[in-house]
Amino acid sequence: MVNVTYIAADGTTTTVEGELFSNVMQTALDNDVAGIVGECGGSMMCATCHCYVDEAWQGKTGARNDGEDDMLDCAADEVKPTSRLSCQITLTPDLDGLVVHLPEAQY
Amino acid sequence: MDRIVIIGAGQGGLQAAISLRQEGYDGALTLIGGEAGLPYQRPPLSKAYLKSGDAGALRLRPETFYDKNAVELVTETWVDRIDRAGRVVHAGDRSFAYDHLILATGTRNLRPPIAGTDRCLDLRTLADAVKLRAVLDSPKRCAVIGGGFIGLEFAAVARGLGHDVTVAEAAPRLMARVVSPEISAYFKDLHDGLGTVLHLGDPAAEVTDAGMVLKSGAEVAADVVLMAAGVVPNAELAAEAGLGVNNGVVVNDRLLTADANISALGDCAVFPDPTTGRPVRLESVQAATDHARLIAKRLIKGEDLPYAAVPWFWSDQADAKLQIAGLAAPEDATHRRADGAIFRFAGDRLSAVETVNNARTHMQARKALAAPDVSRDALAAVDYDFAALA
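Residue numbers (our numbering), protein chains in the order written: chain A, 857 to 963; chain B, -4 to 385.
So, in structure tokens, the structure goes:
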């Protein structure tokens, strides 16, 4: 299992156990974490699973995938250097303890 | 409002339940579905699921969601009748009283009036997909009736898995109902290249033990025949309850039927297109979930706003990601940009943009279509580059 902490725009903090090689979006939905929508089911067809990777974790989550920039362009909330589509962050063992921040709006 | 009942536990019905709770609704909430199990996503059934067989990945919310949010999920239950005067829904020996009822009944597969369709497999529900995957466990000759999204997504996956595939489409081009002739041609080339045999303008006339026979008389030998000739809205309940039905449950721009206590959403609902006012029925995740959010805001927050979301659609076929923003009428004009992006125009107004493997333009188009009308002249002046639009 890989622990992930989600910090909502209002500061609400939720830590859940994600399955190895699942992703940050699916883990949020599986654990009923509010603030992630994931409308297209991780097909990179929408931008409703936008998150900000905590700066301490940016090195480990790596760079955005092909096409992610284009989708993020249409995110409902501010896009920052730390912005990612959470469906594109795979929970590898070295991400245990990952912290992501959630935007106020996803659509 | 103390009791809300949702008929239909697909993505739209579930989104209505999610949004009602998010908007602060704290009354009783019942979600009635005809299928077994927890609500799941349908789009991957003809894509990732066919390859992986991972049903768990389809689940929209875990079981704990329903308890935690006090959503009473009633599965494997088909509603028989809506008693509008008594505000009760009847299903077998059970009944569910409501203050507001949301119809999210979706669609079912169309069965064209030809012989032998009982031999066909479908690809609409998880149960359908499970059956289809089981059949494809050894090399098969597959015949597909219908060259729309589902038939072509299936064809691409089946070819990828090494099966023989033949597609019969009644119209002279692929996906004719939803895309421009240019995009149809692109996908014809794609499927030709994959080795799929395409029969265009030549519908299946009969399904037999040996495969299918086309209108032209051509015989297609097949072990499996997939029926993918479109869908029909599940609107009988509404019709029998005396609500307006015309290719779906008729609602106004608030997504309300003629009965102020009944809304409808998603694939089963016919609503006025925000731009043209024309009645439309969209088969998409986007419409289902955006409808659900609007209804929840209206019921719980009293927000009295017309539905105005920009429609968008997608289809994955082999390595081609087709994305459509907006809604074009068949007669809309077409402009092909140098990079292959297709711009559709209703008169001078941009009505839709169709792209393949071009998410940037798709997202730009969604933004542009959400703003006041973009004119053809304005786009032509900037070489159809959204980024350069003033």
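Glycine included, C-beta positions come from ideal geometry on N, C-alpha and C.
Three-state secondary structure (DSSP) of residue i
i	result
threonine 252(B)	coil
threonine 869(A)	strand
tyrosine 35(B)	strand
arginine 273(B)	coil
glycine 923(A)	coil
lysine 292(B)	helix
glutamate 235(B)	helix
glutamine 962(A)	coil
glutamate 214(B)	strand
leucine 260(B)	coil
arginine 228(B)	Position check: residue 228(B) holds proline in this sequence, whereas arginine was assumed. In the structure shown, proline 228(B) sits in a strand (DSSP, three-state: E or B).
cysteine 943(A)	helix
threonine 861(A)	strand
glutamate 164(B)	strand
glycine 7(B)	helix
alanine 23(B)	strand
proline 176(B)	helix
leucine 121(B)	helix
threonine 329(B)	strand
histidine 194(B)	strand
proline 949(A)	helix
tyrosine 908(A)	strand
phenylalanine 60(B)	helix
glycine 337(B)	Position check: residue 337(B) holds isoleucine in this sequence, whereas glycine was assumed. Isoleucine 337(B) falls in the strand class under three-state DSSP.
arginine 76(B)	strand
aspartate 389(B)	No statement about residue 389(B) is possible, as the shown extent of chain B runs from -4 to 385 and does not include it.
histidine 158(B)	coil
isoleucine 1(B)	strand
arginine 106(B)	coil
Proximal residues to residue i (C-beta, below 6 angstroms), its chain only, five neighbours per side dropped
i	result
arginine 371(B)	Phe340 and Asp343
asparagine 887(A)	Val872
valine 83(B)	Ser90 and Ala92
leucine 105(B)	Ala224, Gly225, Val226 and Val227
Under 9 angstroms by beta carbon: chain B residues contacting residue i
i	result
leucine 876(A)	The premise fails here: leucine 876(A) is roughly 14 angstroms from chain B at the closest Cβ pair, so nothing lies under 9 angstroms.
leucine 885(A)	Arg54, Leu55, Arg56, Pro57 and Phe60
aspartate 888(A)	Arg56, Pro57, Thr59, Phe60, Lys63 and Asn64
Buried versus exposed, by CB contacts within 10 Å (16 or more), residue i
i	result
methionine 940(A)	Checking the displayed sequence, the identity of residue 940(A) turns out to be arginine instead of methionine. Buried, since its Cβ has 16 or more Cβ neighbours within 10 Å.
phenylalanine 60(B)	buried
phenylalanine 877(A)	exposed
threonine 102(B)	buried
asparagine 352(B)	exposed
aspartate 75(B)	exposed
asparagine 229(B)	buried
methionine 857(A)	exposed
threonine 191(B)	buried
lysine 296(B)	exposed
proline 959(A)	buried
lysine 42(B)	buried
glutamate 895(A)	buried
threonine 161(B)	buried
Counterpart residues of residue i in DSSP-defined beta bridges
i	result
tryptophan 307(B)	Ala320(B)
serine 90(B)	His85(B)
valine 955(A)	Thr861(A)
methionine 222(B)	Ile140(B)
threonine 203(B)	Gly206(B)
glutamine 312(B)	Ala315(B)
serine 370(B)	Arg344(B)
glutamate 67(B)	Thr25(B)
glutamate 349(B)	Ile319(B) and Ile337(B)
proline 267(B)	Pro274(B)
arginine 54(B)	Tyr35(B)
Where residue i meets chain B, residues with beta-carbon distance less than 8 angstroms
i	result
glutamate 895(A)	Val280, Gln281 and Thr284
glycine 923(A)	Ala354
Sequence-distant residues of its chain with Cβ nearer than 7 angstroms to residue i (five each side left out)
i	result
aspartate 254(B)	Arg79 and Leu238
glycine 898(A)	Asn879, Met881, Gln882 and Cys943
threonine 112(B)	Arg106, Val202 and Met222
alanine 320(B)	Val305, Trp307, Ala347, Val348, His357, Ala360, Arg361 and Leu364
alanine 11(B)	Ile1, Ile97, Ala99, Leu260, Ala287, Ile290 and Ala291
alanine 65(B)	Leu24
Amino acids of chain A, ordered along the chain, whose beta-carbon sits closer than 9 angstroms to that of residue i
i	result
proline 198(B)	Ordered by position in chain A, no residue passes the 9 angstroms Cβ test against proline 198(B), which lies about 30 angstroms from the chain.
Contacts of residue i in chain B (Cβ-Cβ under 7 angstroms)
i	result
methionine 927(A)	Ala354 and Met358
glycine 915(A)	Those within 7 angstroms of glycine 915(A) in chain B number zero; the least Cβ separation is about 26 angstroms.
cysteine 930(A)	Met358, Arg361 and Lys362
Per-residue contacts from residue i into chain A (C-beta, under 7 angstroms)
i	result
proline 39(B)	Gly897
Partners in chain D for residue i, counting only beta-carbon separations shorter than 9 angstroms
i	result
glutamine 318(B)	Structure shown: chain D not included; protein chains present are A and B.
Closer than 8 angstroms at the beta carbon, the chain A residues around residue i
i	result
glutamine 36(B)	Gly897
tryptophan 73(B)	Residues of chain A passing the Cβ test: none, with the nearest at roughly 26 angstroms.
Beta-carbon proximity list for residue i, same chain, < 8 angstroms, skipping 5 on both sides
i	result
aspartate 197(B)	Ala163, Glu164, Ala165, Leu209, Lys210, Ser211 and Ala213
threonine 869(A)	Thr861, Tyr862 and Ile863
tyrosine 20(B)	Met(-4), Ile(-1), Ala291, Leu294 and Ile295
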